[in-house]
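Q: Per my numbering, the very first residue in the sequence shown carries number 64; after that it's consecutive.
Just so you know, even glycine gets a beta-carbon here, dropped at the ideal spot from N, CA and C.
Keep in mind that this is a model prediction, so the values were computed, not measured.
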Amino acid sequence: MDPSVASPRVNQYERGKHTPDSSTLGKLGQVLNVPIAYFYAEDEDLALVIVAFHRSSAAARRRLIATLPKI
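1) The ligand GTP and residue 122: does the residue's C-beta get closer than 7 Å to at least one heavy atom of that ligand?
2) Of all the options 84, 108 and 117, which has the alpha carbon lying nearest to the alpha carbon of residue 97?
3) Do residue 113 and residue 121 have their C-beta atoms closer together than 8 Å?
4) Report the three-state DSSP secondary structure of residue 80 (helix, strand or coil).
5) Look at the Cβ atom of residue 102, then the Cβ atom of residue 88, and state whether they are nearer than 8 Å.
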């Protein structure tokens, strides 16, 4: 994304005036180190879980997945 239009464009996304396409979400996700699913989370708690899972190690992910049925 051209830096001269990035800030106004992101502002329009934040205000809901425009919706970024999946390619743009992918690029934003890479920059922010979050998966695309983060942008579709219905609430802040779910967004935090998505980011924590995304950033965790494979071993930590396996432990979490094994624990989920017990919750």
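A: If we stick to the structure as given:
1) This structure does not include the ligand GTP; it has no bound ligands of any sort.
2) 117
3) no
4) coil
5) yes
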